[in-house]
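Taken in order, these protein sequences are the chains called B and L.
Residues 104 to 369 in our numbering are what the first sequence spells out, letter by letter.
Residues 104 to 369 in our numbering are what the second sequence spells out, letter by letter.
Here's the structure we're looking at; comments come further down.
There are 2 protein chains.
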Amino acid sequence: MPEHQKIQNVVVIGAGNMATHLALALHHKGVNVIEVLNRTRQAGEKLARRVKAGYNTGLNAADFRADLFLLAVSDSAIEEVAKSLHLKDQLLVHTSGSVDMAALSGASSNIGVFYPLQTFSKEKRINFSNIPVCIEANTRENEEKLIQLARLISKKAQLLSSAQRKVLHMTAVFAGNFSSFMYTIAEDLLKKHGIPFSLLKPLILQTAATAKHEDIFSRQTGPAVRGDTRIMDEHLEMLAKHGVYMEIYDLISKSIIKHKTRNDEL
Amino acid sequence: MPEHQKIQNVVVIGAGNMATHLALALHHKGVNVIEVLNRTRQAGEKLARRVKAGYNTGLNAADFRADLFLLAVSDSAIEEVAKSLHLKDQLLVHTSGSVDMAALSGASSNIGVFYPLQTFSKEKRINFSNIPVCIEANTRENEEKLIQLARLISKKAQLLSSAQRKVLHMTAVFAGNFSSFMYTIAEDLLKKHGIPFSLLKPLILQTAATAKHEDIFSRQTGPAVRGDTRIMDEHLEMLAKHGVYMEIYDLISKSIIKHKTRNDEL
Chain B
104 MPEHQKIQNV VVIGAGNMAT HLALALHHKG VNVIEVLNRT RQAGEKLARR VKAGYNTGLN
164 AADFRADLFL LAVSDSAIEE VAKSLHLKDQ LLVHTSGSVD MAALSGASSN IGVFYPLQTF
224 SKEKRINFSN IPVCIEANTR ENEEKLIQLA RLISKKAQLL SSAQRKVLHM TAVFAGNFSS
284 FMYTIAEDLL KKHGIPFSLL KPLILQTAAT AKHEDIFSRQ TGPAVRGDTR IMDEHLEMLA
344 KHGVYMEIYD LISKSIIKHK TRNDEL
Chain L
104 MPEHQKIQNV VVIGAGNMAT HLALALHHKG VNVIEVLNRT RQAGEKLARR VKAGYNTGLN
164 AADFRADLFL LAVSDSAIEE VAKSLHLKDQ LLVHTSGSVD MAALSGASSN IGVFYPLQTF
224 SKEKRINFSN IPVCIEANTR ENEEKLIQLA RLISKKAQLL SSAQRKVLHM TAVFAGNFSS
284 FMYTIAEDLL KKHGIPFSLL KPLILQTAAT AKHEDIFSRQ TGPAVRGDTR IMDEHLEMLA
344 KHGVYMEIYD LISKSIIKHK TRNDEL
């Protein structure tokens, strides 16, 4: 790609976790963050200082010299904020897993999505190099520009359509948010019985490591996949005082049994 | 503990994953596995060769010179096999997370449990050093002997009663088996939409790493804990064709919301 088409100057809109981590990562790779726009002054100015950018509160104060407007605001605000920027043809992207690219179509003639698939916490500095960045754009040229930018910070740039990105985002709820809640249930029950949760940590890490392989279900263990109804009944009885946990145990166990039956029949 | 009271000679009963991994680990730490007893000759002889032990098929052929009889057979066989050994006062332990120590009480006057909390696959050589080994015994002396033995192979020997061990085993189903099934659901849905599962791997590993901390729920992310009903409804709609997955999504989301409400009220 010709040098003059590379993204070099970026305006970041927002100052939350996503905006902060992306702005820092780009800044450290030599991309100029020329301006941070954010409604709340304190957070906006803080981020601006960290990436040596200007700060503005009003969306109509956008610096139009930018090659890219990176809109990292909450899903529900994307469409409205995008329009308030009053762009014409400047490249505008959002960073959401679940919002259609089309939400930007009224705001510029050059649009796209730049979605890093990870959960960000405020405190921890993020190393993006292994975090997949999912790219979508309305033209081949914009696609190419965004892929180049993603590759600056990550080894895993991936083109995905809006529909695919939504599926990915939904499956991340299962693989990330729900698995985390399984740990919470375990922690909660162990605490009630005075047993240290640390005993489960090696198991949790080993289980996560099995996701390296294809066909994770072939490594499924436990009473459900063994069809061990004696143990399952015993566990359900132990959970009788914890209504929701019992329901979850029952439903997932049944689903594992069903999955096994289906696989056996194939 | 006086040298003459240390466990030095072990008879292993069984030749499945647990028996194999434990026998190998003990053998490599200088404990003499003097005999492997197993109904099926091929598996029994194979394990016996690997740990330089004798092999016998009949349970009544047990070598009574052993300091420890390690019963690593399936849960449902423990009680019966234990009795068939015709021991008197030799130390006898089982290796199960869910069977009461009392299942051995008819078989010897010295009994206990030696339960490594991990899922073993046949292929992979296991490094026990970080795997918690949960110990129970019917006397202080037996407890001490088993703790010493556990410390030979693991940094994490832990005394647990039968009741606590059963709770731990049940929570391992949530933290291990069920989180693994969450990955399976994600893999299944992604495959149906032609999206590489590898995109989720960094998220899965990062999520497992949060289990290092106390109060895992304080790090819970996703639409449910945010109360983002728009996204949850969208995901449920996407899952409408996958009945069980939709039910699981709905139940766990509701449980996360309930957990948050409860915590907020505390």
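The beta-carbon is built from N, C-alpha and C at its ideal position, and this holds for glycine as well.
This one's a predicted model, so the numbers in the text were calculated from it and none came from an experiment.
Counting only the Cα atoms, Asn245 (chain L) lies some 23 Å from Leu140 (chain L).
Using beta-carbon distances, Ile359 (chain B) counts as an interface residue toward chain L, with a partner under 8 Å. Note on the region 164-203 of chain B: whole beta strand (DSSP E) runs with a minimum of 3 residues are 171-174, 194-197, in chain order.
Note on geometry: alpha-carbon atoms of Lys259 (chain L) and Leu207 (chain B) lie some 54 Å from one another. Separation of Asp336 (chain L) and His338 (chain B) (C-alpha to C-alpha, rounded to the nearest whole angstrom) is 31 Å. When DSSP assignments are scanned along the region 252-298 of chain L, the uninterrupted stretches of beta strand (DSSP E) that are 3 or more residues long and fall wholly within it turn out to be 260-262. Residues of the same chain with a CB within less than 7 Å of the CB of Thr313 (chain L), apart from the 5 flanking positions on each side, are Ile319, Arg322 in chain order. Contact of Phe217 (chain B) with chain L by beta-carbon distance below 8 Å is absent, the smallest such distance being about 15 Å.
Among the residues facing chain L, Asn233 (chain B) is included, as its CB has a counterpart in that chain under 8 Å away. Excluding the 5 residues flanking it on each side, Ala210 (chain B) has same chain C-beta neighbours closer than 7 Å at Ala185, Lys186, Leu188, Leu190, Leu195, in chain order. Sorting B:Asp367, B:Glu182, B:Phe231 by C-alpha distance to the C-alpha of Ile214 (chain B) places B:Glu182 at the top.
Sixteen is the threshold: when 16 or more other Cβ atoms of the shown chains lie within 10 Å of the Cβ of Leu271 (chain B), as they do, the residue is buried.
Arg365 (chain B) sits exposed, since fewer than 16 C-beta atoms from the chains shown fall within 10 Å of its C-beta. Between the region 146-165 of chain L and the region 228-246 of chain L there are fewer than three C-beta pairs closer than 8 Å, too few to call the two in contact.
Using a Cβ-Cβ cut-off of 8 Å, Asn230 (chain L) does not count as an interface residue toward chain B, since no Cβ of chain B sits closer than that to its own.
A direct Cα-to-Cα measurement between Arg268 (chain L) and Ser358 (chain L) gives close to 26 Å. Ile110 (chain B) carries a coil assignment under DSSP once its states are collapsed to helix, strand and coil.
DSSP places Phe217 (chain B) in the strand class (E or B) of the three-state scheme. Residue-level contact check: His130 (chain L) does not touch chain B, since none of the beta carbons of chain B fall below 8 Å from its beta carbon. Residues of the same chain with a CB within less than 8 Å of the CB of Gly157 (chain L), apart from the 5 flanking positions on each side, are Ile137, Glu138, Val139, Ala151, Asp166 in chain order. From the beta-carbon of Leu127 (chain L), no residue of chain B is found nearer than 9 Å; the closest lies around 18 Å away.
DSSP places Gly147 (chain L) inside the alpha helix (DSSP H), whose first and last residues are 144-153.
Across the structure, Phe172 (chain L) and Leu127 (chain L) are spaced so that their CA atoms are roughly 15 Å apart.
In its chain, beyond the 5 residues on either side, Ile234 have a beta carbon closer than 6 Å to the beta carbon of Gln221 (chain B). Within 10 angstroms of the beta-carbon of Leu125 (chain B) lie 16 or more other beta-carbons, which makes it buried.
For Asn135 (chain B), the enclosing beta strand (DSSP E) stretches over residues 135-140.
Between Ala289 (chain B) and Thr242 (chain L) the beta-carbon gap is near 31 Å, outside 8 Å, which marks them as no contact. With fewer than 16 neighbouring CB atoms inside 10 Å of its own CB, Ala266 (chain B) falls in the exposed class.
The criterion of a C-beta distance shorter than 8 Å is satisfied by Val216 (chain B) and Ile238 (chain B). Rounded to whole angstroms, the gap between the alpha carbons of Lys149 (chain B) and Met121 (chain B) is 14 Å.
Annotated three-state conformation of Asn120 (chain B) is helix, per DSSP. Taking 8 Å as the threshold, the shortest C-beta distance from Lys315 (chain L) to chain B falls below it. Not a single CB atom of chain L sits nearer than 8 Å to the CB of Leu249 (chain B).
Rounded to the nearest whole angstrom, the C-alpha separation of Leu262 (chain L) and Lys248 (chain B) is 59 Å.
In terms of Cα proximity to Leu292 (chain B), the closest of B:Tyr348, B:Ala240, B:Arg142, B:Leu174 is B:Tyr348. C-alpha of Ala253 (chain B) to C-alpha of Asp331 (chain B): approximately 48 Å in a straight line.
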